[in-house]
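The block underneath contains the structure these notes are about, expressed in structure tokens.
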Amino acid sequence: MSGSAPQKWRMNQTQAAFVLLLPFLATYALFLIYPFFRGIWISLHDWNLMAVAFNPDAKEFVGLHNYERVMWGENITWGAFVNPLVQISGLIGLALSIFLRRTGRVSKVTAIALAIAAVLLVFLPGFHPGEGGRWYDRRFWPTVGNTMMFVGLTVPGVTVSALLLAAALNRETKAMTVFRTLFFLSQILSVTVVTLIWQIMFSPRQGLVANVTEAFGGTPIVWLTDERFAMAAIVITTIWWSLGIAMILFLAGLQDISKDLYEAASLDNATGLRAFWYITLPNLKRTVTLVIVLQVILQFQVFGQAHLMTQGGPNDTTQVLVRYIYQTAFRDSDLGRASAMAVFLFVIMGAFSVLQFVLGREEDR
Amino acid sequence: MNRSYYWLVLGLSTPAFVWLVPTIWMVSLSFQPNEVLARTTSTTFFGLIPYPFTFDNYAALFSFGQTPMWFMNSLIVATAMTLGVLAVSTTAGYALARLEFPFKRAITLICLVGLMVPEQAVFIPLYTMFADLGWHNSYHAMVLPRMAVPIGVFLMMQFFKAIPNDIEEAARLDGVTWLQIFWHVMLPLARPAMMTLAILTFLYAWNDYLWPLVSAQRPEFFTITLGLASIQSNFAQSEGLGRVMASGVIASLPVVVMFLIFQRYVVKAMTVGGSKG
Numbered sequence: 067m068s069g070s071a072p073q074k075w076r077m078n079q080t081q082a083a084f085v086l087l088l089p090f091l092a093t094y095a096l097f098l099i100y101p102f103f104r105g106i107w108i109s110l111h112d113w114n115l116m117a118v119a120f121n122p123d124a125k126e127f128v129g130l131h132n133y134e135r136v137m138w139g140e141n142i143t144w145g146a147f148v149n150p151l152v153q154i155s156g157l158i159g160l161a162l163s164i165f166l167r168r169t170g171r172v173s174k175v176t177a178i179a180l181a182i183a184a185v186l187l188v189f190l191p192g193f194h195p196g197e198g199g200r201w202y203d204r205r206f207w208p209t210v211g212n213t214m215m216f217v218g219l220t221v222p223g224v225t226v227s228a229l230l231l232a233a234a235l236n237r238e239t240k241a242m243t244v245f246r247t248l249f250f251l252s253q254i255l256s257v258t259v260v261t262l263i264w265q266i267m268f269s270p271r272q273g274l275v276a277n278v279t280e281a282f283g284g285t286p287i288v289w290l291t292d293e294r295f296a297m298a299a300i301v302i303t304t305i306w307w308s309l310g311i312a313m314i315l316f317l318a319g320l321q322d323i324s325k326d327l328y329e330a331a332s333l334d335n336a337t338g339l340r341a342f343w344y345i346t347l348p349n350l351k352r353t354v355t356l357v358i359v360l361q362v363i364l365q366f367q368v369f370g371q372a373h374l375m376t377q378g379g380p381n382d383t384t385q386v387l388v389r390y391i392y393q394t395a396f397r398d399s400d401l402g403r404a405s406a407m408a409v410f411l412f413v414i415m416g417a418f419s420v421l422q423f424v425l426g427r428e429e430d431r
Numbered sequence: 015m016n017r018s019y020y021w022l023v024l025g026l027s028t029p030a031f032v033w034l035v036p037t038i039w040m041v042s043l044s045f046q047p048n049e050v051l052a053r054t055t056s057t058t059f060f061g062l063i064p065y066p067f068t069f070d071n072y073a074a075l076f077s078f079g080q081t082p083m084w085f086m087n088s089l090i091v092a093t094a095m096t097l098g099v100l101a102v103s104t105t106a107g108y109a110l111a112r113l114e115f116p117f118k119r120a121i122t123l124i125c126l127v128g129l130m131v132p133e134q135a136v137f138i139p140l141y142t143m144f145a146d147l148g149w150h151n152s153y154h155a156m157v158l159p160r161m162a163v164p165i166g167v168f169l170m171m172q173f174f175k176a177i178p179n180d181i182e183e184a185a186r187l188d189g190v191t192w193l194q195i196f197w198h199v200m201l202p203l204a205r206p207a208m209m210t211l212a213i214l215t216f217l218y219a220w221n222d223y224l225w226p227l228v229s230a231q232r233p234e235f236f237t238i239t240l241g242l243a244s245i246q247s248n249f250a251q252s253e254g255l256g257r258v259m260a261s262g263v264i265a266s267l268p269v270v271v272m273f274l275i276f277q278r279y280v281v282k283a284m285t286v287g288g289s290k291g
């Protein structure tokens, strides 16, 4: 910027830069970078919260033992089709990613990301305890599975409903502005307000859902304590809560589609649903991918809904990763194991953040 | 406006109403007497209309109970966090966007890598650090970790990069120092971006649950979001449904009012915030 500026000026500029950077860099180093590495360090120790609080020397270096205790077991073997449903859907995903890339419907990055995810789905569930074997932590992988199930139900739910809504609301009129506000409103509530509302909405005795069901002659469902419905209940709650941002991102994407395309299409009699399928969707591909990646990152961190509405129950069916980390650390005081799980969480979310970054770069081009 | 448009409005009214029902229900229940709610929550039109009507729940909230204290805690924490984040983000964002200094690329990269680190990956080590320092159950314990999140720096950097050079050069010809340019020229220009960042941070502070849950164990330091979580599990026995719902309404009021006044900024802030909410 100031390549030819005199030396004295440059000195001032450098000093000014460091004075201005210092407050942020100091907090950043102390409260984000240092804790991050400290987290990894804790995960390499046998570290009891209470014991170490009273005696800092009560921790013991154990290497990768915590990771083994969390993710591995005795006599673990690999076999094809141990978990057929997941593995077959992985194979389908793999075929789909190749097909979509071949037909040029998705970009290279998206296809590769999809393929990697699919291969992991085929490969990872193949691990299982062999004869006389067991997982050291039999709750960890089911918890990961629940979290993925939650993400797998919530993200498509949010994406599809937000997309349809955005397409319907993409007009600059008073009524549409009011509708946008209404649909966005729930997004700004805090997780505890949202769970407060829906916990009572779903209550079999006092809940609005039960009252309406009864009015139409049905039998109320015990949503939050029935193994079949608890996950559905927190998914519905979450879709209600987090539809807004996705809708706004889609509306922004829709603004970028030229009106001429629709006019040209209407000459070919393509209006309404046909126009949506042949013009809106193909032109919105980038936004759809972005929304999905953002939602996966956001929903993978689910905690409050499971913690407050179902307490991870019934029978661990809604136990999710962040809640398991929280409990392992602050109820069981096992910081070592909890930190190992937190590192696992970071690796998965980091992969998606990189994907988000790459996609963002593509968009800039 | 043709007929199909009116059908569209009519067709959207139903989902919009359904979407609003849970919120209306919370507000409506907060205006009904606890004795009635203990029997049934669907007195008038499934309880969506507050009849029989009462202000008692709100009166009770303000005469005893901890909700006003939690509300004040939230205000203090959210305001302090907003000011803190604005201060460190505007300064660092300006330096990274517009000043030349050694190791600029490396420092920028180091700052942005932090965007990848989720709160959940650092909350355990942060807990132990703050425990060693004896900082838990304090306002600064709730504020400081968020000031380290680089989303604000990233936002401000993007904004400052987009400002044309000639504004700064005109000031430089007048012999103004860099800090003066920052304070007198850049900050006034940055008001819209600062507004977006302020709203993003305030909303985050108001709604954050995980870190206050870990850090604040004493009810005197609960934020309203955390306090609401602590009373919602036993609403039926002690507090009464109407009062808990009134707490929920009070807890949402500031952010809802903010949303209705600054709608554009709020939507922008939440979109930029994206995954870092």
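Those protein sequences? They're chains A and B, same order as listed. Numbering-wise (our numbering), the first sequence opens with residue 67 and increments by one. Numbering-wise (our numbering), the second sequence opens with residue 15 and increments by one. Here a beta-carbon is modelled for each residue, glycine too, at the ideal position from N, C-alpha and C. Bear in mind the structure is a predicted one, so any value in this text is a computation, not a measurement.
Against residue i, what residues of chain B qualify as contacts under a CB-to-CB distance less than 9 angstroms, listed in chain order?
i	result
Gly416/A	Met130, Val131, Pro132 and Ala135
Tyr94/A	Val102, Ala106, Ile124, Cys125, Gly128, Met161, Ala162, Val163, Pro164 and Val167
Met250/A	Checking the sequence shown, residue 250/A turns out to be Phe, not Met. Those are Phe273, Gln277, Val280, Val281 and Met284, listed as they occur along chain B.
Thr247/A	Phe273, Leu274 and Gln277
Residues in its own chain within less than 6 angstroms of residue i by CB, not counting five upstream and five downstream?
i	result
Leu24/B	none
Leu374/A	Thr261
Met259/B	Met40, Leu43 and Ser44
Ala434/A	Lying outside 67 to 431, the shown extent of chain A, residue 434/A is not represented and no answer is given.
Asp112/A	Glu126, Val128 and Gly402
Met171/B	Gly107, Leu110 and Ala111
Would you say residue i faces chain A, with C-beta separation under 8 angstroms as the test?
i	result
Pro82/B	no
Leu24/B	no
Leu211/B	no
Phe78/B	no
Tell me which same chain residues have a C-beta within less than 7 angstroms of the C-beta of residue i, skipping the five on either side of it?
i	result
Trp192/B	Leu113
Phe144/B	His150, Ala155 and Ser229
Val288/A	Pro270
Met415/A	Ile363 and Phe366
Leu219/A	Val301
Gly223/A	Val301 and Ile305
Thr258/A	Gly370 and Leu374
How big is the Cα-Cα spacing for residue i and residue j?
i	j	result
Ile178/A	Val172/A	10 angstroms
Asp294/B	Ala404/A	Past the edges of chain B, shown from 15 to 291, lies residue 294/B, and the structure says nothing about it.
Val118/A	Lys125/A	6 angstroms
Phe45/B	Ile121/B	54 angstroms
Ala312/A	Gly148/B	41 angstroms
Pro101/A	Ile138/B	8 angstroms
Leu7/A	Ala94/B	The requested residue 7/A is not part of the displayed model; chain A covers only 67 to 431.
Leu158/B	Leu255/A	23 angstroms
Thr394/A	Phe206/A	11 angstroms
Val409/A	Ile106/A	7 angstroms
Phe268/A	Thr169/A	45 angstroms
Phe423/A	Leu126/B	11 angstroms
Gly262/B	Phe235/B	18 angstroms
Which chain B residues are close to residue i, counting only those with a beta carbon under 8 angstroms from its beta carbon?
i	result
Trp264/A	Pro36
Met267/A	Pro36 and Trp39
In chain A, which residues lie with their C-beta within 8 angstroms of the C-beta of residue i?
i	result
Trp220/B	Ser256
Tell me which same chain residues have a C-beta within less than 8 angstroms of the C-beta of residue i, skipping the five on either side of it?
i	result
Phe31/B	none
Leu157/A	Ala184 and Val188
Leu100/B	Gly166, Met208, Leu211, Ala212 and Thr215
Ile164/A	Ala177 and Ala181
Closest Cβ-Cβ distance between residue i and chain B: below 8 angstroms?
i	result
Ala234/A	yes
Phe193/A	no
Arg431/A	Its pLDDT being 46, under 50, Arg431/A is placed unreliably in this model, and the value from its coordinates should be taken loosely. Answer no: the Cβ-Cβ gap between Arg431/A and chain B never drops below 8 angstroms.
Arg352/A	no
Ser332/A	no
Asn121/A	no
Pro101/A	yes
Val274/A	Here the sequence assigns Leu to residue 274/A, which means Val is not the residue at that position. So yes, Leu274/A belongs to the interface.
For residue i, which residues in chain A fall below 7 angstroms Cβ to Cβ?
i	result
Ala243/B	Thr258 and Leu374
Leu300/B	Chain B is shown only over 15 to 291; residue 300/B falls outside these bounds and no answer can be derived.
Met40/B	Ile263
So residue i contacts chain A; which residues on that side make the cut at Cβ distance below 9 angstroms?
i	result
Val228/B	Tyr392, Ala395 and Phe396
Met143/B	Leu96, Phe97, Tyr100, Pro101 and Arg104
Just to confirm, does residue i get its C-beta within under 7 angstroms of one of the non-hydrogen atoms of the ligand SAH?
i	result
Leu227/B	No copy of the ligand SAH appears in this structure; indeed no ligand is present at all.
Handout entry: Short-range partners of chain E found in the stretch 374 to 406 of chain A, where Cβ spacing is below 8 angstroms
Key = In the structure shown, chain E does not exist; the protein chains are A and B.
Exercise for the section: With a floor of 3 residues, list each beta strand (DSSP E) that falls wholly inside the stretch 145 to 229 of chain A, ordered by position along the chain. Expected result: If you keep only unbroken beta strand (DSSP E) runs of at least 3 residues inside the stretch 145 to 229 of chain A, you get 193 to 201.
Exercise for the section: Please go through the stretch 281 to 368 of chain A and give each complete alpha helix (DSSP H) segment of 4 or more residues, from N-terminal end onward. Expected result: Inside the stretch 281 to 368 of chain A, DSSP marks whole alpha helix (DSSP H) runs of 4 or more residues at positions 296 to 321, 325 to 333, 338 to 341 and 351 to 366, from first to last along the chain.
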